[in-house]
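Structure, as structure tokens:
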Amino acid sequence: MSVPERLANAITAHTRIVLVVLLLLTAAVGAGMPMVDDDSSLDQFEGESDEAKALERINGNFTSEQEENTTRVQVIARGDNVLAKESLVSSLEFQQELRANESINETLVEEQPITGVENVVAITAINEERGAQLGAGVEEAIALQREYEQLNESYNESDPEYQAQADELEAQFDTIVEESTEGLSENQTAQYADSIERIRAIESQRYGLDESDPEYQNLTAELEQARGAATGGVLQSGESSPPIDDQIAALENLSDEEYERTLENTLSSNESDDSAAIALMPTAYEPGSTEAEARMTSVSQSSGGEGMEEMGGVSDRVVESQLEIRELAETQDQDYLVFGGGLITDEIDRSMNDSLAIVGPLALLFVVVALLIAYRDPLDIVLGVVGIIAVLVWTFGFMGWADIAFNQMFVAVPVLLIGLSIDYAIHVFMRHREQREADGTEGTVRGSMTTALAGVGAALVWVTATTVIGFLSNLVSPIGPIREFGIVSSVGIVAALIVFGALIPAAKIEIDEFLESRGVDRRKRAFGTGGGRFSEVLTVGSTAARRIPLVILLIVALLTAGGAYGATQVDTSFQEEDFLADSPPEWTQKLPGGMAPGEYHAKDDLEYVNEHFQRQDRQAQLLVEGDVDDDDFLERVNGTRDDMADGDIAYTLATGEPDVQDPLSTMEQVAEQNESFNESFTAADTDGDGVPDENVSALYDQLFETDAEAASQVLHRTDDGEYRSARLVVAVQGDATNAETTAEMRTIANDFEDGGDGRWTAIATGDPIVSYIVEQDLLDTVLESLVITLVAVFLFLSVAYWLTGGSATLGAVTLLPVAFSVSWILGTMYLIGMPFNVLTGMITSLTVGLGVAYSIHVSERYRLELERQGNVWSALRTTVTGTGGALLGSAATTVGGFGTLAFAILPALRQFGIITGLTITYAFLASVVVLPTLLVLWTRYFGPDVSFDASGARTGAPTASDGGTESNGGDGE
Numbered sequence: 013m014s015v016p017e018r019l020a021n022a023i024t025a026h027t028r029i030v031l032v033v034l035l036l037l038t039a040a041v042g043a044g045m046p047m048v049d050d051d052s053s054l055d056q057f058e059g060e061s062d063e064a065k066a067l068e069r070i071n072g073n074f075t076s077e078q079e080e081n082t083t084r085v086q087v088i089a090r091g092d093n094v095l096a097k098e099s100l101v102s103s104l105e106f107q108q109e110l111r112a113n114e115s116i117n118e119t120l121v122e123e124q125p126i127t128g129v130e131n132v133v134a135i136t137a138i139n140e141e142r143g144a145q146l147g148a149g150v151e152e153a154i155a156l157q158r159e160y161e162q163l164n165e166s167y168n169e170s171d172p173e174y175q176a177q178a179d180e181l182e183a184q185f186d187t188i189v190e191e192s193t194e195g196l197s198e199n200q201t202a203q204y205a206d207s208i209e210r211i212r213a214i215e216s217q218r219y220g221l222d223e224s225d226p227e228y229q230n231l232t233a234e235l236e237q238a239r240g241a242a243t244g245g246v247l248q249s250g251e252s253s254p255p256i257d258d259q260i261a262a263l264e265n266l267s268d269e270e271y272e273r274t275l276e277n278t279l280s281s282n283e284s285d286d287s288a289a290i291a292l293m294p295t296a297y298e299p300g301s302t303e304a305e306a307r308m309t310s311v312s313q314s315s316g317g318e319g320m321e322e323m324g325g326v327s328d329r330v331v332e333s334q335l336e337i338r339e340l341a342e343t344q345d346q347d348y349l350v351f352g353g354g355l356i357t358d359e360i361d362r363s364m365n366d367s368l369a370i371v372g373p374l375a376l377l378f379v380v381v382a383l384l385i386a387y388r389d390p391l392d393i394v395l396g397v398v399g400i401i402a403v404l405v406w407t408f409g410f411m412g413w414a415d416i417a418f419n420q421m422f423v424a425v426p427v428l429l430i431g432l433s434i435d436y437a438i439h440v441f442m443r444h445r446e447q448r449e450a451d452g453t454e455g456t457v458r459g460s461m462t463t464a465l466a467g468v469g470a471a472l473v474w475v476t477a478t479t480v481i482g483f484l485s486n487l488v489s490p491i492g493p494i495r496e497f498g499i500v501s502s503v504g505i506v507a508a509l510i511v512f513g514a515l516i517p518a519a520k521i522e523i524d525e526f527l528e529s530r531g532v533d534r535r536k537r538a539f540g541t542g543g544g545r546f547s548e549v550l551t552v553g554s555t556a557a558r559r560i561p562l563v564i565l566l567i568v569a570l571l572t573a574g575g576a577y578g579a580t581q582v583d584t585s586f587q588e589e590d591f592l593a594d595s596p597p598e599w600t601q602k603l604p605g606g607m608a609p610g611e612y613h614a615k616d617d618l619e620y621v622n623e624h625f626q627r628q629d630r631q632a633q634l635l636v637e638g639d640v641d642d643d644d645f646l647e648r649v650n651g652t653r654d655d656m657a658d659g660d661i662a663y664t665l666a667t668g669e670p671d672v673q674d675p676l677s678t679m680e681q682v683a684e685q686n687e688s689f690n691e692s693f694t695a696a697d698t699d700g701d702g703v704p705d706e707n708v709s710a711l712y713d714q715l716f717e718t719d720a721e722a723a724s725q726v727l728h729r730t731d732d733g734e735y736r737s738a739r740l741v742v743a744v745q746g747d748a749t750n751a752e753t754t755a756e757m758r759t760i761a762n763d764f765e766d767g768g769d770g771r772w773t774a775i776a777t778g779d780p781i782v783s784y785i786v787e788q789d790l791l792d793t794v795l796e797s798l799v800i801t802l803v804a805v806f807l808f809l810s811v812a813y814w815l816t817g818g819s820a821t822l823g824a825v826t827l828l829p830v831a832f833s834v835s836w837i838l839g840t841m842y843l844i845g846m847p848f849n850v851l852t853g854m855i856t857s858l859t860v861g862l863g864v865a866y867s868i869h870v871s872e873r874y875r876l877e878l879e880r881q882g883n884v885w886s887a888l889r890t891t892v893t894g895t896g897g898a899l900l901g902s903a904a905t906t907v908g909g910f911g912t913l914a915f916a917i918l919p920a921l922r923q924f925g926i927i928t929g930l931t932i933t934y935a936f937l938a939s940v941v942v943l944p945t946l947l948v949l950w951t952r953y954f955g956p957d958v959s960f961d962a963s964g965a966r967t968g969a970p971t972a973s974d975g976g977t978e979s980n981g982g983d984g985e
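Right, here's the structure in full:
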């Protein structure tokens, strides 16, 4: 007795023990299902590349406390003229509503959580008013100090009159400080008082000197600096923005002429201090113009705290708050577009749920109807569905116990397992039906199942082994989710073998015996046998193999060559847009309430933001490590900044300048705001080209003292005060591809490093570049795993056929249609313009997994029938009508069921459904149309010595469910 026969006998002889043990195992493994988490974050697909590690170092070394764990929402006002005073006031009132909303307000960062053009213009108006007030106080103090000097000339200090007038003057100085600093903070008041004292001292020294005196001129220069410190310096030292009420009042109090002037000054490209306002305007905006159709407000939120997803996603709290921001925006008179990571996460999750709500019932209905046609027996359908559920319980239970999160890729797992489960179930049930028909009335349910399992068992084990090999080849991938996908799929495939090789057969035996003991006849005809239209259709492959084998081979060769070419042209881009839903078609709105999808805006909003504004999350970076405090370093930074400006990927501000942040640009901004740092910055520039070239380390120290927040964004200072690395951040255009961004930034990094003579290293990184690495890793994984799979499956099948007494060459023949199918499906993806992304990238695994299953069933059945009947054409006809019928039922059910994914809302899921249907179709056609021709050629040149006489072929050969052993009917010769 062979091993398959002993196993089959053990299962059928102890059905109740098998049922109890496997049901208990199902319950134990299934207990892990509630522990399965979901993760839609795209960050998880980042591998262990040098670029990804560099980005981790940047996030660890350059993120300040203010920027750490933050996310931003872009609120874009749109209209005929969003720079009108009424529009800005309306936006400030909207900000008040945002702050008044408790759930939104608790997510906002502490320092300047909301910044928009409306804030910058209002603060500019407030500062102009306060600056004028402070400046007037300075002039009063200077005039008063002259009176004080005149008093000193006129009186003796011991004179009581002198003391009285001096006290009165001091009181007036105090009044000047008090009135000039009304509304300012204590720190600003103290700073202004110190500046007034300095101004008094300078004016005291100037008094009595001739204007032509060099000393007078030096003192006058000092006085101008003191004036600046008392006005602009005091205003810039403010700890926070003025209250929103003050900002609204400032705008409303401006006359039309004053408002126009303030707006022009704030949004003028000549005012470098107002570059923040320019950055909030669309690219097409003309600096200084008082009209625009769009402007942006940035809302900064803290993404930390409870509810964070494990792998870098946005917290539920932030998602909910961003949804509330959008809801509030929709209630405003002003038209707003709200765009943020939380909204994208929400739409991806909702589109997955809405898609499943639509296609789930459709798929279930189609599968049930198709199985009803194939089985024509409700009980077998129920058993098949129960088996599928058990397989999914085992699979998702394993994920829970193994702590593997469900992500976009795992949508393919149920598709694969349901497809294989239907395949396993149909083969077991149909083979059992064939055997019962062959056994006649003398046969028993248990005996027929034993023979059926012995016959089909080897094929099922081989299918399982080869499919597992295919999916475990994904372990070579550097991308974690792909490795997990391979492991989980393999576990599910093994579960399918156990369930449909033991649990379901045992249950069918018990149920059928119970019903037949009560007079219910459970005999059914196998699908595709007994003649009829299906039988004739299924014989196409065997007929073509006999009559036009060369034509079949020529057509296959041409299709495969074309597919191979198309495979090299498939789009491998990995874009976030692939996972964003389009607006659902109108017919979906007529679906019942539970199936009708919601509204989707993110994709259109993303396109608008990419076209008109700089996305907050789209930045490329250059990490430089080494002697970044070298005196030549800033010169190299300046040259690199020019290279970025001349490139094709940098986002251009409305001023025409590229949006680049680096140590030099940060120093320039700080120097414009701080006179002391400006002096040091200018002194360090020995050649007058605007770039410091000496005492760079000391200049860094002063930069951190002056503005540590800005300095920490571009320079990494260790605890011992050394400077180890710096970064350059370039905002990337929305329409720049990841490949273009990566190529240009790598060129810039190489040039930067080459100019350092070993003093520093440079690496290009950032989200676009890391995403490109993921794209390439995905492509490499597919190619590597495909090669590994094909080689491993070839070796396995060759050894398996050799050990079972066949020819090892049959393994190669069985695998050829699978290779053809892979080529065809990749070529089809190119023809229909379907991208090769995270989901569709798994299609090669599905093709190999299902294709090998179909081919093995056909080859193994043909081998058994050939041994039994001794005639090629008779064996081939029996194979394609018997096993081919089971394959047709399996393929039709799977294609129809998962073809319903074409109605999904999520684009990637819709693409996956279409390509899966085509994959299964190709695998089926290759196994029943192409493989018969290959099997005939194999038999002629490598196979056993059998008859090729067409006249000796029988049209109704009996089954070979007994594993190829001869029946009383002889060998059929």
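Start counting the sequence shown at 13; every next residue gets the next number (my numbering).
Beta carbons are placed, not taken as given, at the ideal position from N, Cα and C, and that holds for glycine.
Check, Outcome
"Could you check which residue in Leu349, Arg212, Tyr712, Leu34 has the C-alpha nearest to that of Arg729?", "Tyr712"
"Taking only the alpha-carbon atoms, compute the straight-line gap between Asp389 and Asp617 and give it to the nearest angstrom.", "51 Å"
"Alpha carbon to alpha carbon, how far is Ile523 from Arg448?", "16 Å"
"Can you grab the Cα-Cα spacing for the pair Thr933 / Ala887, in whole Å?", "24 Å"
"Contact check, Val129 vs Arg273 under 8 Å by CB: the rounded distance?", "With 8 Å as the limit, Val129 and Arg273 do not qualify as a contact, their Cβ atoms being about 16 Å apart."
"Only counting the same chain, and skipping five residues up and downstream in sequence, which positions put a Cβ closer than 6 Å to that of Val15?", "none"
"What is the residue span of the alpha helix (DSSP H) that Leu949 lies within?", "943-953"
"In terms of DSSP beta bridges, what is Trp772 paired with?", "Gly638"
"With C-beta atoms as the reference, is Tyr735 less than 7 Å away from Asp644?", "no"
"Apply the 10 Å Cβ neighbour rule to Thr187 and answer buried if 16 or more other Cβ atoms are within range, or exposed otherwise.", "exposed"
"Excluding the five sequence neighbours on either side, which residues of its own chain have a C-beta within less than 6 Å of the C-beta of Gly44, listed in chain order?", "Gly409, Gly412, Trp413"
"Considering only C-alpha positions, which residue in the set Ile438, Met364, Glu359 is nearest to Ile393?", "Ile438"
"Is the Cβ-Cβ distance between Thr136 and Thr278 less than 7 Å?", "yes"
"Beta strand (DSSP E) containing Tyr348: first to last residue?", "347-352"
"For Val30, which three-state DSSP category applies?", "helix"
"Return the Cβ separation of Gly498 and Leu487 in integer angstroms, given the expectation that the two are a contact with Cβ distance under 8 Å.", "6 Å"
"Please state if the CB of Leu634 and the CB of Val703 are separated by a distance shorter than 7 Å.", "no"
"Look at Thr479 and Ile516 and say whether their C-beta atoms are less than 7 Å apart.", "no"
"Under a three-way DSSP split, which group does Thr777 fall into?", "strand"
"Please name the residue or residues paired with Gln673 in a DSSP beta bridge.", "Val741"
"Classify Lys615: buried if its beta carbon has 16 or more other beta carbons within 10 angstroms, exposed otherwise.", "buried"
"Using 8 Å as the cut-off, can you tell me whether the segment 61-72 makes contact with the segment 776-795, which would need three or more C-beta pairs spanning the two stretches below that distance?", "yes"
"Suppose contacts are defined by Cβ-Cβ distances below 7 Å. Is Tyr204 in contact with Ala261 by that definition?", "no"
"Can you tell which of Leu947, Asn419, Ala369, Asn93 has its C-alpha closest to the C-alpha of Ser867?", "Leu947"
"In or out: Pro596 buried (at least 16 other Cβ within 10 Å) or exposed?", "buried"
"Nearest to Gln162 by alpha carbon, out of Val440, Gln217, Val649, Ile927?", "Gln217"
"Could you tell me the alpha carbon to alpha carbon distance between Ile360 and Ile661, rounded to whole angstroms?", "28 Å"
"Is Met293 helix, strand or coil when you go by DSSP?", "coil"
"Excluding the 5 residues flanking Pro675 on each side, which residues of the same chain have their C-beta closer than 7 Å to its C-beta?", "Leu646, Val649, Val726, Leu727, Ala738"
"Output the boundary residues of the alpha helix (DSSP H) element that contains Leu646.", "645-658"
"Using CA atoms only, rank isn't needed, just tell me which of Ala402, Leu570, Thr38, Val794 is closest to Ser485.", "Val794"
"Where Glu5 and Asp179 are concerned, what is the direct C-alpha to C-alpha distance, given to the nearest angstrom?", "Coverage of the chain is limited to positions 13 through 985, which leaves residue 5 absent and any answer about it impossible."
"Please report the straight-line C-alpha distance between Arg875 and Gly353, rounded to a whole angstrom.", "57 Å"
"Does the beta carbon of Gly575 come closer than 7 Å to any beta carbon on chain B?", "No chain B is part of this structure, which consists of one protein chain only."
"Roughly how far, in whole angstroms, is the beta-carbon of Val121 from the beta-carbon of Ser253, given that I think they are within contact range, below 8 Å?", "Actually they do not touch by this definition, with Cβ atoms about 13 Å apart."
"Going residue by residue through the segment 389-435, where are the continuous alpha helix (DSSP H) segments of at least 4 residues, counting only ones entirely within it?", "390-413"
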